[in-house]
Amino acid sequence: MWNPVAPDIVEHPHPFWAWLRRESPVHPVAGAGYFLISRYDDVLHVSRDSQTYSSELRAIVQRDDAGRARLLQTRIVGQPQARVLGVADGEVHASHRRVVGRTFSPSRMERMSRLALEIAERCVARFEGTNRVDVVAALAIPLPLELTTRLLGLPLEDQPALQIWTDHALRMAGGLASEEELAEDLAQTTAFHAYLERRFDEAMAHPGDDVLGDLARAVRDAERGEAGVARWEAVAILFQLVVGGIETTVGLISAAIHHATHQPELWSRMRDELEVVASFIEETIRLDGPAIGNLRRTTRDTELAGCSLPEGSTVALLWGSANRDESQFPRAECFELDRPNIKAHLGFGLGKHFCLGAALARMETRVALQALRAVAGGIALDCDPAELRHKPSMGIRRLQSLPVSISPQKSAAPCRPRSG
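Oh and the sequence shown: position 297 is 295 in my numbering, straight run, nothing missing.
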């Protein structure tokens, strides 16, 4: 019997997902109290029906001491209620999205794009004099870490602490930590929340042109009886933005560069054809997007793919499995840039809970590829592929390291659209 939290399945989930789609598309995990939803159409249906499948739940999938999956009810540090942004529905969720949506204004995104390129170029400039580099540590982590820090309005000197806190928050949510690790994660997450509260209070006194400032102004609006958010909601939103904004983009950049090591002909084209870069990123999201899936709770008795789901059931939407569903993507295991539905993947979710940072993650990945392509005439994996490992998690999929060898660029030119 398949065990979804077994280490080999966590590292190599695709055979398991294929079996689920073929044999058990709504799969009850034995003794765990939740169902795995693996087919594209079913994941699509659940994502669109927030009335029946609610995001308002406090639960994670956890591996117990016997190595079995269980559903664990959790308490979110600093949140008197569960209903915040990614774990909210209805008007509460809509109001939070309106507040956060203002942070991704066109003018700010344009500024972030220029800044991202500066950061990426600074990272790849350090590659000079070497032909081997771990691009996760040298590019995929520092780019979103610094950009997210600047976007939010946090001090740059706090980046090392933010990385540590993010790692602990994600390990706690990833479901594979030991009891001792969970205790450490909870302590670190509590410290992280206290840090965010201090920074938020500073922003309340002196709001800037950043996400902290936007949230501080939203709290002031609420205090005046206008549309806004409570202070605790603002801090909880900030927590989600930090954790989600860094690690998922690390995963996407790493996966894109990993695929580039297999595609030397596309690497050559990416310098000159913007269309190739855009399609390359979309196909990376489909095949190896960082978001594995998330949970929903049924609000009433319902049925999905012929399976009865009682009210209060927890279902896990497997985005990664849906993106390899042959009924939606023929030759789904192949990396193909000419797919007519190349943007139909569910790598950033769908519907009301579509990822707010999707455009930012795409931009950062494009910039990372652009900066690396400007200095590298070719890249190749510089280790045995079997040695590559992903961070152990059932929520986020990203490589721990990616050593590549770099051949120098003989001539550099910016990406430009193909003529004709």
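Note that beta-carbon positions come from the ideal geometry of N, C-alpha and C, so glycine has one too.
Treat the numbers as computed from the prediction; the structure is a model and nothing was measured.
heavy atom of the ligand SAM below 8 angstroms from residue 166 C-beta
What this structure holds is no ligand at all, so the ligand SAM is not there to describe.
Identify, in the order they occur along the chain, each residue of the same chain with its Cβ nearer than 6 angstroms to the Cβ of residue 387, setting aside the five sequence neighbours on each side.
Only residues of its own chain outside the window of five on either side were considered, and among them 398 have a CB closer than 6 angstroms to the CB of residue 387, listed in chain order.
For residue 50, list the residues DSSP reports as bridge partners.
None, per the DSSP bridge assignment.
Counted within 10 angstroms of its Cβ, other Cβ atoms place residue 40 as buried (16 or more) or exposed:
The residue in question, residue 40, is buried, as its Cβ has 16 or more Cβ neighbours within 10 Å.
What ranges does the alpha helix (DSSP H) occupy inside the stretch 98 to 138, keeping only unbroken runs of at least 4 residues that lie completely in it?
With a minimum length of 4 residues, the continuous alpha helix (DSSP H) runs that stay inside the stretch 98 to 138 are 104 to 123.
In chain order, what residues of the same chain have a beta carbon less than 6 angstroms from the beta carbon of residue 174, not counting five sequence neighbours either side?
Answer for residue 174: 61 and 390, listed in chain order.
Residue 323, buried or exposed, once every other Cβ within 10 Å from all chains shown has been counted against 16
Sixteen is the threshold: when 16 or more other Cβ atoms of the shown chains lie within 10 Å of the Cβ of residue 323, as they do, the residue is buried.
Among residues of its own chain, excluding the 5 on either side of residue 363, which ones have a beta-carbon nearer than 8 angstroms to its beta-carbon?
247, 250, 251, 254, 279 and 282.
Cα separation between residue 78 and residue 107?
At residue 78 the pLDDT is 45, less than 50, meaning the model places this residue with poor confidence; the figure from the coordinates comes in the next sentence. The C-alpha of residue 78 lies about 32 angstroms from the C-alpha of residue 107.
Checking the sheet assignment: what are the DSSP bridge partners for residue 313?
For residue 313, DSSP records a beta bridge to 33 and 294.
Nearest to residue 419 by alpha carbon, out of 182, 18, 21 and 312?
The displayed coordinates of the chain run from -1 to 418. Any statement about residue 419 would go beyond what the structure contains.
For residue 164 and residue 151, I'd like the C-alpha separation in whole angstroms.
The alpha-carbon separation between residue 164 and residue 151 amounts to approximately 17 angstroms.
Looking at the structure shown, is residue 77 part of a helix, part of a strand, or coil, going by DSSP?
Note that residue 77 has pLDDT 48, beneath the 50 cutoff, so the model's placement of it is unreliable and no number is given.
Coarse secondary structure for residue 27, derived from DSSP in three states:
Note: residue 27 maps to coil in three-state DSSP.
Sort 380, 99, 373 and 58 by Cα distance to residue 126 and report the nearest one.
Nearest of 380, 99, 373 and 58 to residue 126, Cα basis: 373.
Could you compute how far the alpha carbon of residue 205 sits from the alpha carbon of residue 214?
For residue 205 and residue 214, the distance between alpha carbons rounds to 6 angstroms.
Can you tell me which of the three DSSP states residue 235 falls into?
DSSP places residue 235 within a helical segment (H, G or I) once states are collapsed to three.
Residue of 377, 384 and 355 minimising C-alpha distance to residue 102:
When only C-alpha atoms are compared, the closest one is 355.
Could you round the C-beta distance between residue 318 and residue 291 to whole angstroms and report it? I think they count as a contact, below 8 angstroms.
Yes, residue 318 and residue 291 are in contact; Cβ-Cβ is about 7 angstroms, under 8 angstroms.
State the DSSP-derived secondary structure class of residue 400, mapped to helix, strand or coil.
Coil, per DSSP.
Could you say if the stretch 10 to 20 and the stretch 32 to 52 meet the contact criterion of at least three C-beta pairs nearer than 8 angstroms?
Two segments are said to touch when three or more pairs of C-beta atoms, one from each, lie closer than 8 angstroms; by this definition the stretch 10 to 20 touches the stretch 32 to 52.
Taking just the CA atoms, how far does residue 220 sit from residue 407?
Going by the C-alpha atoms only, they are around 54 angstroms apart.
Could you give the C-beta distance for residue 115 and residue 365, rounded to a whole number, given that I count them as a contact under 8 angstroms?
Sure, about 5 angstroms apart at Cβ, within 8 angstroms.
May I have the straight-line CA-CA distance separating residue 359 from residue 0, to the nearest angstrom?
Residue 359 and residue 0: Cα-Cα distance of roughly 33 angstroms.
Specify the secondary structure class of residue 344 as computed by DSSP and reduced to three states.
Here residue 344 sits in coil by DSSP.
Residue 370: first and last residue of the uninterrupted beta strand (DSSP E) it sits in:
Not the beta strand (DSSP E): residue 370 falls in the alpha helix (DSSP H), residues 356 to 373.
Note the first and the last residue of the continuous beta strand (DSSP E) segment covering residue 301.
Segment 300 to 302, the beta strand (DSSP E) holding residue 301.
Locate the beta strand (DSSP E) running through residue 59, then write down its first and last residues.
Where residue 59 is concerned, the enclosing beta strand (DSSP E) starts and stops at 57 to 61.
Roughly how many angstroms separate the alpha carbons of residue 245 and residue 394, rounded to a whole number?
When rounded, the distance between both Cα atoms is 8 angstroms.
Terminal residues of the continuous alpha helix (DSSP H) containing residue 261?
Per DSSP, residue 261 lies in no alpha helix (DSSP H) segment and is marked neither H nor E.
Nearest neighbour of residue 375, chosen from 293, 149, 266 and 341 [CA to CA]
The shortest Cα separation from residue 375 among 293, 149, 266 and 341 belongs to 266.
Helix, strand or coil for residue 319, going by three-state DSSP, please let me know.
Residue state, collapsed to three classes: helix.
My understanding is that residue 44 touches residue 293, with C-beta atoms under 8 angstroms, so please give their C-beta distance in whole angstroms.
No, residue 44 and residue 293 are not in contact; Cβ-Cβ is about 11 angstroms, not under 8 angstroms.
Which two residues bound the contiguous alpha helix (DSSP H) that contains residue 407?
Taken as a continuous stretch (DSSP letters only), residue 407 belongs to no alpha helix (DSSP H), as it is neither H nor E.
Residue 113 versus 145, 403 and 287, residue with shortest Cα-Cα distance:
Comparing alpha carbon positions, the residue from 145, 403 and 287 closest to residue 113 is 145.
With a 10 Å radius around its C-beta and 16 neighbouring C-beta atoms as the bar for buried, classify residue 301 as buried or exposed.
Exposed, because fewer than 16 other Cβ atoms sit within 10 Å of the Cβ of residue 301.
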